[in-house]
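With positions in the sequence shown counted from 1, the corresponding number in this note's numbering is that position plus 7.
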Amino acid sequence: MTDTVAPLTGAAGEETEREALFALPVGTPEIRKAAETLRNYKDGKANLEARVVEDERWYQMRHWEVIRRGRESTRPEPSSAWLFNAIMNKHADAMDNYPEPNILPREAQDEADARRLSAVLPVILERCEFEQTYSDNWWEKLKHGTAVYGVFWNNDMENGLGDVDVCQVDLLNIFWEPGITDIQKSRNLFVVNLQDRDLLEERYPQLRQQDMGNAVDIKQYIFDDTVRTDEKVVVVDWYYKLRTPEGRTVLHYAKFVGETLLFASENEPDYEARGWYDHGRYPFVFDTLFPEKGTPVGFGYVALCKDPQLYIDRLGQNILENAMMATRPRYFAATSAGVNEEEFLDWSRPIVHVEGTLDDARLKPVTVNTLSSIYPNILEMKISELKETAANRDMASGGTTGGVTAASAIAALQEAGNKAARDMIAGSYRRYTQLGYLCIELVRQFYDEMRSFRITGPNGSRYEEVSGQSLREQVVGTAADGSAQTRRPVFDISIQPQKRNPFSRLSQNELAKELYSLGFFNPERAQEAIGALELMEFEGKSKVLRQITEGQTLQNTCRQLSETLAQVTDVAAGGAAAGTPPAEAGAPSGGGQTLAGAAAQAQRATQDNYGETLVRRGMTGGTAG
């Protein structure tokens with residue numbers, strides 16, 4: 008980004024700068040209006056912010072602080088981790104199915120670009136450490152119901168060359184128009200963050216003489232560490248959309264502190280008509296778990312399960328308190344009992360002195376009634392309720408009941424019980440698709456130079472070169488009125504998971520062994536194997552079909568060449584039996600090659616075809632053709 012107005016010195020310079028700001032499309036009046044809009048957006052988000060901060064306390068298993076509301080208590084406060092365990096298992100399911108994009112062309116002439124993008128896009132995401140961002144956002148999604156991704160162009164990456172950067176955006180720091188459900192329909196979008204005052208003045212010298220009052224107060228989490236904000240100021244990133252006279256929507260971006268403008272794309276000649284990003288969309292993707300009406304965010308597992316967790320801990324509190332009372336003897340003592348209390352309470356003393364006669368009437372133990380077994384049963388019922396509510400049954404965590412011990416049976420039950428997890432992950436895949444489109448559009452806009460990427464695969468490494476030039480508008484002809492006809496390559500994105508679950512791999516291996524034992528890979532039974540596979544549905548099905556088909560083709564080719572070789576051999580043998588000279592017996596009717604030469608050629612063709620097929624199937628260490 009560049010500064011909008013160069014810093015000026017002196018009173019005349021300040022007055023000139025002020026007049027210039029009022030003359031630009033985005034100046035001081037627009038910043039004041041934007042700050043007022045931001046405050047209105049924040050007011051509409053107050054309930055969400057309070058819930059997010061409280062949910063974070065529940066996630067940290069510090070919910071007794073929320074329940075007590077600051078009051079002191081001497082009762083036991085057990086914090087069981089049933090809710091945390093449910094969130095942890097859901098996060099593990101998500102990371103076991105980490106997404107992998109597959110770019111598909113809409114036209115045949117874009118197949119090469121789609122193939123390159125499919126190979127390059129995971130590398131781009133790897134460079135910006137997207138897997139860590141994906142993991143962090145899944146925690147946010149499970150806790151609060153919504154994770155926010157920001158897809159930006161970062162000029163500081165790749166030694167100043169710039170690259171796509173996908174970041175996590177805190178839900179407390181982003182503001183949208185209240186009442187909308189699609190973030191792209193918000194008239195404005197604000198992202199705020201705290202930055203050190205001295206570092207900001209160093210980057211933007213014009214701020215040294217300006218009042219950097221905060222445009223809005225940022226809701227803060229309750230941290231264990233003391234976080235000082237007196238030396239920090241709120242920096243606002245303001246995104247908004249405008250309609251051009253041609254009816255096209257353009258996205259603009261401005262950055263300001265207080266009432267001081269730092270940058271505005273609408274004030275820059277290069278961006279005034281074009282917009283900040285060519286795709287014209289807000290560079291944010293909201294990944295929602297359980298959606299709500301009238302808002303682009305949802306609620307998560309903390310909001311869903313904190314009520315059962317509350318009663319689990321309260322029941323546990325009462326049961327523990329009763330157990331502590333029953334296991335710690337107490338006594339009623341008359342004032343005239345004459346018992347030395349210091350010696351009586353000190354269990355290390357073998358003798359306790361008593362004045363006078365001691366009987367049951369003067370010293371009597373306090374009787375604590377033990378709880379009925381129904382109360383621990385109720386506690387177990389609340390634990391089961393939380394597990395069912397969170398779809399976090401024992402089988403999903405590897406636990407078994409009813410004598411199920413076989414690994415394949417456990418894997419099958421896990422897959423059958425993971426319907427909720429698969430649906431939840433599929434929702435994130437849909438959001439990941441939108442994220443992929445934004446990445447492709449940034450590559451299209453900013454990749455002005457050819458860039459090389461190393462692609463590491465099972466057969467080693469290769470290199471792909473990508474440039475945005477082939478993805479931009481291309482002239483394909485001339486219209487009747489003489490204007491140029493252009494086309495723009497368009498792609499679809501298909502998401503497939505990178506299976507990391509060992510039980511999933513186990514089930515895949517078991518399926519492969521079962522197919523082998525049934526003879527699916529026997530070329531003699533290829534036709535019936537293909538018919539059976541067409542009715543089946545499993546991951547890697549297309550690869551199995553391809554191998555069976557290639558095996559069938561290889562067998563047919565070998566059979567045909569063997570028959571040809573046998574015919575040539577029979578003709579040669581018949582001619583020798585009749586006493587015909589080898590040269591004449593071997594000569595074909597049209598002249599030319601001998602029968603022996605034809606036989607040798609047929610044999611070589613058989614071997615070459617067999618070797619070519621093995622190479623194509625990756626069985627000889629060659630590269631797939």
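Ideal Cβ positions, reconstructed from N, Cα and C, are used throughout, including at glycine.
Nearest to residue i (by Cα), restricted to the options the options
| i | options | result |
| --- | --- | --- |
| P252 | I229, G301, E266, A280 | A280 |
| N96 | V450, T377, Y308, Q534 | Y308 |
| R46 | Y211, N180, D353, E387 | N180 |
| M543 | L522, G526, N563 | L522 |
| L178 | N200, L449, P496 | N200 |
| V223 | V497, K40, I319, D499 | K40 |
| R633 | S501, S86, G323 | Residue coverage of the chain in this structure runs from 8 to 632, which leaves residue 633 outside it and unanswerable. |
| A428 | E56, R76, D100, R82 | D100 |
| N274 | T35, L518, R76 | T35 |
| I225 | D189, K52, T364, S459 | K52 |
| R255 | R58, H151, Y284, D237 | Y284 |
C-alpha distance - residue i paired with residue j, whole-angstrom precision
| i | j | result |
| --- | --- | --- |
| L37 | P504 | According to the sequence provided, residue 37 is Glu. The question's Leu does not apply to it. About 46 angstroms. |
| Y278 | Q492 | 25 angstroms |
| L149 | Y48 | 24 angstroms |
| P276 | L296 | 41 angstroms |
| A340 | D366 | 10 angstroms |
| S569 | Y470 | 41 angstroms |
| V292 | I390 | 35 angstroms |
| Q116 | S477 | 11 angstroms |
| A310 | P106 | 27 angstroms |
| D172 | W160 | 6 angstroms |
| Y156 | L31 | 32 angstroms |
| F91 | C135 | 29 angstroms |
| N384 | L393 | 14 angstroms |
| D163 | Y454 | 14 angstroms |
| R400 | G526 | 38 angstroms |
| E208 | T267 | 12 angstroms |
| T571 | A580 | 14 angstroms |
| Q559 | R532 | 9 angstroms |
| V450 | N109 | 16 angstroms |
| G305 | M431 | 13 angstroms |
| E184 | Y289 | 13 angstroms |
| N516 | Q562 | 26 angstroms |
| V7 | S524 | What the structure shows of the chain is the stretch from 8 to 632, and residue 7 is not part of that stretch, so it cannot be assessed. |
| R204 | F270 | 17 angstroms |
Secondary structure of residue i, DSSP reduced to three states
| i | result |
| --- | --- |
| F91 | helix |
| I181 | strand |
| S193 | coil |
| R545 | The identity of residue 545 in the sequence shown is Phe, whereas the question assumes Arg. F545: coil per DSSP, three-state reduction. |
| A18 | Its pLDDT being 38, under 50, A18 is placed unreliably by the model, and the measurement read from it follows with that caveat. Helix. |
| T153 | strand |
| W145 | helix |
| G282 | coil |
| Y211 | coil |
| S435 | helix |
| Y338 | strand |
| Y246 | strand |
| K226 | coil |
| Y105 | strand |
| T35 | helix |
| F637 | What the structure shows of the chain is the stretch from 8 to 632, and residue 637 is not part of that stretch, so it cannot be assessed. |
| A187 | Contrary to the premise, residue 187 reads as Ile rather than Ala in this sequence. In the structure shown, I187 sits in coil (DSSP, three-state: anything other than H, G, I, E or B). |
| C135 | coil |
| L525 | coil |
| S569 | helix |
| A344 | coil |
| V450 | helix |
| A398 | coil |
Bridge-paired residues (DSSP) for residue i
| i | result |
| --- | --- |
| R458 | V473 |
| V73 | In DSSP, V73 forms no bridge with anything. |
| A271 | A261 |
| W65 | Paired residue(s): none; W65 is not in a bridge. |
| W354 | Note: W354 sits in no beta bridge, so no partner. |
| T256 | R250 |
| P372 | Y338 |
| K239 | D203 |
| R479 | Per DSSP, none; premise fails for R479. |
Min CB distance residue i to chain B below 8 angstroms
| i | result |
| --- | --- |
| G581 | Included in the structure is just one protein chain, with no chain B present. |
Does the structure place the segment 551–559 close enough to the segment 522–539 that three or more beta carbon pairs sit under 8 angstroms?
yes
Would you say the segment 454–467 touches the segment 323–340, given that touching needs at least three Cβ pairs under 8 angstroms?
no
Say whether the segment 235–247 touches the segment 262–272, bearing in mind that this needs 3 or more beta-carbon pairs closer than 8 angstroms, one atom from each stretch.
yes
Any contact between the segment 372–379 and the segment 61–73? By contact I mean 3 or more CB pairs, one from each, below 8 angstroms.
Output reads no: the segment 61–73 does not touch the segment 372–379.
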